[in-house]
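All remarks here apply to the structure that follows.
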Amino acid sequence: MTYQNLITEVKENILYITINREKALNALNKETLKELAHVIQFAGDTAEVRGVILTGSGEKAFVAGADIKEFSDYDASQGEQLARDGQATVFNAIENSPKPFIAAINGFALGGGLELAMACHIRIASDQAKLGLPEVTLGLIPGYGGTQRLTQLVGKGKAIEMIITAGMIPATDAEKIGLVNYVVPQADLISKAEEILNLVKLRAPLAVAGAIRAVVASLDGQNGYNVEIESFGKCFDTADFKEGTSAFVEKRKPVFSGK
Ligand code: CAA
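Structure, rendered in structure tokens:
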């Protein structure tokens with residue numbers, strides 16, 4: 040896979056995606072979104088990939104938002120289309136992926152950048168990172184799911200405060216309000232993400248996917264309890280369930296096949 044705006048690599052069952060537009064603080068232009076949509080699909084379809092680490096190039100920014108220069112002359116219908124397409128092909132696609140995505144937030148995560156991190160299943164921030172949804176400074180509101188996912192993560196009061204003041208918060212504050220899972224020194228960002236995915240890699244792949252599906256269902260208007268019941272039931276037909284329970288009884292470590 041070769042991309043113009045992404046650096047990607049699969050190593051030891053982890054797909055590393057680096058958004059590589061450092062000069063524009065990794066802002067999400069159309070091409071980058073298109074490439075992200077492609078690599079997200081690849082992650083979902085490729086058995087070798089057990090988890091994904093998403094980060095930005097350089098030490099200054101994870102992603103400083105959607106590319107403002109690209110949409111400055113849009114009208115209402117173009118704006119709506121931008122949000123609709125982006126949400127479907129990138130942001131919702133990450134959230135609904137069967138593979139766990141970890142955002143390694145290496146600097147500014149603003150607007151669409153924070154929305155991208157929030158679409159991921161887990162967020163780890165560098166102690167240098169700053170996070171916010173500054174769209175109202177541009178006469179906009181968040182369009183890539185930010186109003187919904189920030190509310191889910193930090194609650195209505197904090198979400199409204201952050202969005203309508205356009206306030207930018209340091210990583211340590213983001214951890215306190217549940218917006219990020221961990222804050223680590225910049226140098227430890229990727230290794231912390233790897234530590235988590237290395238644990239996930241020991242677990243049953245279809246069960247991991249089912250668990251993500253059920254948790255996400257609790258937040259997107261579906262009946263999460265029903266999704267959990269169905270996903271739980273499906274596990275019983277998997278080879279991994281037989282392997283997991285046999286390994287328990289035989290007092291050995293399971294070797295899962297993802298089938
Ligand atoms: N879009 C396009 N270009 C961007 C960008 C963005 N979101 N953010 C930064 N850049 C570009 C700058 O234009 C600049 O390019 P030039 O050198 O060609 O002028 C380069 O990146 C470096 O940026 P700055 O010179 O501004 O760097 P700074 O250190 O002075 O400031 C910053 C850093 C505070 C992050 C500032 O760049 C900034 O405020 N960026 C915009 C943040 C923002 O408003 N994001 C929301 C975008 S709208 C959105 O995301 C909509 C949505 O929900 C769908």
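All residue numbers for the sequence shown refer to the numbering used here, where the first residue is 40 and numbers rise by one. Ideal Cβ positions, reconstructed from N, Cα and C, are used throughout, including at glycine. Since this is a predicted model, take the numbers as computed values, not measurements.
Decide if residue i is buried, meaning its Cβ has at least 16 other Cβ atoms within 10 Å, or exposed.
{"i": "P139", "result": "buried"}
{"i": "L238", "result": "exposed"}
{"i": "D27", "result": "Missing from the structure shown is residue 27; the chain here goes from 40 to 298 and no further."}
{"i": "R291", "result": "exposed"}
{"i": "E269", "result": "exposed"}
{"i": "D11", "result": "In the structure as shown, the chain begins at 40 and stops at 298. Residue 11 is therefore absent and cannot be evaluated."}
{"i": "E288", "result": "Note on residue identity: the sequence assigns Val, not Glu, to residue 288. When all chains shown are included, V288 counts as exposed."}
{"i": "L93", "result": "buried"}
{"i": "N65", "result": "buried"}
{"i": "P244", "result": "buried"}
{"i": "T71", "result": "buried"}
{"i": "S230", "result": "exposed"}
{"i": "G194", "result": "exposed"}
{"i": "V294", "result": "exposed"}
{"i": "R123", "result": "exposed"}
{"i": "M201", "result": "buried"}
{"i": "G125", "result": "buried"}
{"i": "A226", "result": "exposed"}
{"i": "I203", "result": "exposed"}
{"i": "I56", "result": "buried"}
{"i": "L241", "result": "exposed"}
{"i": "G95", "result": "buried"}
Going by beta-carbon coordinates alone, are residue i and residue j separated by less than 8 angstroms?
{"i": "E74", "j": "N44", "result": "yes"}
{"i": "F101", "j": "N145", "result": "yes"}
{"i": "A205", "j": "T176", "result": "yes"}
{"i": "F130", "j": "L155", "result": "yes"}
{"i": "D276", "j": "S296", "result": "no"}
{"i": "V222", "j": "E214", "result": "yes"}
{"i": "P173", "j": "G152", "result": "no"}
{"i": "A379", "j": "T128", "result": "No information on residue 379 is available, as it lies outside the stretch 40 to 298 that the chain covers here."}
{"i": "V266", "j": "A256", "result": "yes"}
{"i": "A253", "j": "G263", "result": "yes"}
{"i": "L228", "j": "A286", "result": "no"}
So, at 8 angstroms on beta carbons, what are the nonlocal neighbours of residue i in its own chain, with the 5 sequence-adjacent residues on each side left out?
{"i": "F110", "result": "Q117, G118, L121"}
{"i": "K273", "result": "L245, G249"}
{"i": "I141", "result": "G90, V91, I92, L93, C159, H160, I161, R162, I163, A232, I235, L236"}
{"i": "A63", "result": "A103, D106"}
{"i": "N220", "result": "I161, R162, I163, E214"}
Residues in the same chain with beta-carbon distance under 6 angstroms from residue i, minus the five sequence neighbours each way, listed in chain order, please.
{"i": "M157", "result": "R188"}
{"i": "L236", "result": "I53, G90"}
{"i": "F147", "result": "A100, A103, K169"}
{"i": "I46", "result": "T57, N59"}
{"i": "G97", "result": "E61"}
{"i": "Y42", "result": "E74"}
{"i": "I180", "result": "E174"}
Whose C-beta lies closer than 7 angstroms to the C-beta of residue i among residues of the same chain, with five residues either side of it excluded?
{"i": "L192", "result": "M157, G217, L218"}
{"i": "V88", "result": "V49, N52, L54, A82, K138"}
{"i": "I79", "result": "V129, A132, I133, S136"}
Are the C-beta atoms of residue i and some chain B residue less than 8 angstroms apart?
{"i": "I216", "result": "No chain B appears in the structure shown, which is made up of a single protein chain."}
Shorter than 7 angstroms, the distance from the beta carbon of residue i to the closest heavy atom of the ligand ADP, or not?
{"i": "V222", "result": "Looking at this structure, you won't find the ligand ADP anywhere; what it does contain is the ligand CAA."}
Secondary structure, alpha helix (DSSP H): runs of 4+ residues fully inside the region 155–214: DSSP runs (the alpha helix (DSSP H)) wholly in the region 155–214: 185–193, 195–204.
Does the region 177–196 come within contact of the region 123–143, defined as at least 3 CB pairs closer than 8 angstroms? Yes: at least three Cβ pairs fall under 8 angstroms.
Which complete alpha helix (DSSP H) runs does the region 43–116 hold, if anything under 4 residues is left out? Entirely contained in the region 43–116, the alpha helix (DSSP H) runs reaching 4 residues are, in chain order, 69–84, 107–110.
Please confirm if the region 153–173 is in contact with the region 206–219, defined as three or more CB-CB distances below 8 angstroms between the two stretches. Cβ pair count under 8 angstroms is three or more, so yes.
Runs of 4 residues minimum, wholly inside the region 238–297: which ones carry the alpha helix (DSSP H) assignment? Restricting attention to alpha helix (DSSP H) runs no shorter than 4 residues, the region 238–297 encloses them at 244–256, 263–274, 278–288, ordered along the chain.
Please give me, in chain order, every unbroken run of the beta strand (DSSP E) with length at least 3 that falls completely inside the region 116–145. Counting only runs of 3 or more, we get 140–144.
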